[in-house]
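J.: This is the structure, below, for whatever I ask next.
In the UniProt record's numbering, the protein residues as written are 1 to 216.
Below is the structure:
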């Protein structure tokens with residue numbers, strides 16, 4: 001009996017620790033799994049929060065003003081595109097005449113040139129119909145063309161003025177800018193306009209500063 005009791009105690013004492021170890025091991029594994037899941041969730045949520053929202057992107061795209069009649073177009077209609085005359089002529093040759101309806105085949109001419117501004121004409125050889133296109137619009141309340149004003153301002157900003165513009169247009173194989181005499185006259189007019197806008201802007205800034213100081 002004593003031997004049996006000792007054996008049973010020995011058996012109990014030797015079998016109990018493995019059960020505890022097994023229970024502890026399973027508990028540790030459960031805690032590790034929970035920790036890994038929590039870490040994974042935190043990592044995923046942090047990554048998602050760092051990325052821009054799809055709703056925000058979609059809203060930004062919707063808020064962007066469209067510059068074309070087609071929503072999938074990325075061509076700004078108020079901008080300019082440099083195209084070689086030969087490629088323009090080839091494009092027109094793929095169209096039909098608006099009068100006779102036959103495939104267009106004729107001549108392309110320059111009716112007028114004023115600096116970078118051109119009036120191009122296309123004459124159909126079948127019916128002699130002529131269509132014209134102006135390469136730049138007029139400035140509001142002025143006879144000056146937008147492309148010439150922009151080139152003149154660009155010459156000032158880049159510090160190359162008229163002589164530099166002549167060289168640049170020559171390298172680009174573009175029409176020459178307006179003549180030096182007219183450029184100088186427009187330069188004086190441009191300086192007057194810049195000074196007037198500068199004075200107006202300065203006055204407005206002073207008024208805003210005074211108003212802000214009075215509010216405080």
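For every residue, glycine included, the Cβ atom is placed at its ideal position computed from N, Cα and C.
State the DSSP-derived secondary structure class of residue 106, mapped to helix, strand or coil.
T.: Here the question's residue 106 lines up with position 106 in the chain shown. Looking at residue 106 - three-state DSSP - the assignment turns out to be strand.
J.: Would the beta-carbon of residue 177 fall within 8 Å of that of residue 116?
T.: In the chain shown, counting from the first residue as 1, residue 177 sits at position 177. In the chain shown, counting from the first residue as 1, residue 116 sits at position 116. Yes, Cβ-Cβ distance for residue 177 and residue 116 is below 8 Å.
J.: In chain order, what residues of the same chain have a beta carbon less than 6 Å from the beta carbon of residue 217, not counting five sequence neighbours either side?
T.: The structure shown does not extend to residue 217, since the chain spans only 1 to 216, so no value can be given for it.
J.: Spell out a yes or no on whether the segment 98-107 and the segment 122-130 are touching, meaning 3 or more CB-CB pairs, one atom from each, closer than 8 Å.
T.: Touching, yes, given that three or more Cβ pairs across the two stretches are closer than 8 Å.
J.: Buried or exposed for residue 151, please, with buried defined as at least 16 other CB atoms from any protein chain shown within 10 angstroms of its CB.
T.: In the chain shown, counting from the first residue as 1, residue 151 sits at position 151. The residue in question, residue 151, is buried, as its Cβ has 16 or more Cβ neighbours within 10 Å.
J.: For residue 138, does the three-state DSSP call read helix, strand or coil?
T.: Working through the chain shown from its first residue, we reach residue 138 at position 138. DSSP places residue 138 in strand when its eight states are reduced to three.
J.: Per the DSSP calculation, residue 82 is bridged to which residue(s)?
T.: Within the chain shown, residue 82 is the residue found at index 82, counting from 1. Its beta-bridge partners do not exist; DSSP assigns none.
J.: Using the rule of at least 16 other Cβ atoms within 10 Å of the residue's Cβ for burial, across every protein chain shown, is residue 183 buried or exposed?
T.: Taking the first residue of the chain shown as 1, we reach residue 183 at position 183. That one is buried.
J.: Please state the DSSP three-state secondary structure of residue 128.
T.: For the purposes of this step, residue 128 is identified with residue 128 of the chain shown, where counting begins at 1. In this structure, residue 128 counts as coil in the three-state DSSP scheme.
J.: Spatial neighbours of residue 209 within its chain, please: C-beta separation below 6 Å, excluding the five flanking residues on both sides.
T.: Here residue 209 refers to the residue found at position 209 of the chain shown. Correct list: empty, nothing qualifies.
J.: Name the two residues that bound the continuous alpha helix (DSSP H) containing residue 94.
T.: Position 94 of the chain shown, counted from the start, is the residue given in the question as residue 94. It is not in any alpha helix (DSSP H) - residue 94 carries neither H nor E in the DSSP assignment.
J.: Between the alpha carbons of residue 156 and residue 164, how many angstroms are there, rounded?
T.: The count along the chain shown starts at 1 and reaches residue 156 at position 156. The count along the chain shown starts at 1 and reaches residue 164 at position 164. Each residue's alpha carbon lies about 10 Å from the other.
J.: Short of 6 Å in beta carbon distance, which residues of its chain neighbour residue 111, apart from the five on each side in sequence? Order them along the chain.
T.: Here residue 111 is taken as the residue at index 111 of the chain shown, counted from 1. If we look at residue 111 and ignore the five residues flanking it on each side, its Cβ neighbours are 119 and 121.
J.: Using the three-state DSSP reduction, which class does residue 111 fall into: helix, strand or coil?
T.: Here residue 111 refers to the residue found at position 111 of the chain shown. Strand at residue 111.
J.: Residue 84: which of 137, 153 and 172 sits nearest, CA to CA?
T.: Here residue 84 corresponds to residue number 84 of the chain shown, with the count starting at 1. For the residues 137, 153 and 172, the minimum Cα distance to residue 84 belongs to 172.
J.: Looking at chain B, is there any beta carbon in it that lies within less than 8 Å of the beta carbon of residue 167?
T.: Protein chain content of the structure displayed is limited to a single chain, and chain B is not contained in it.
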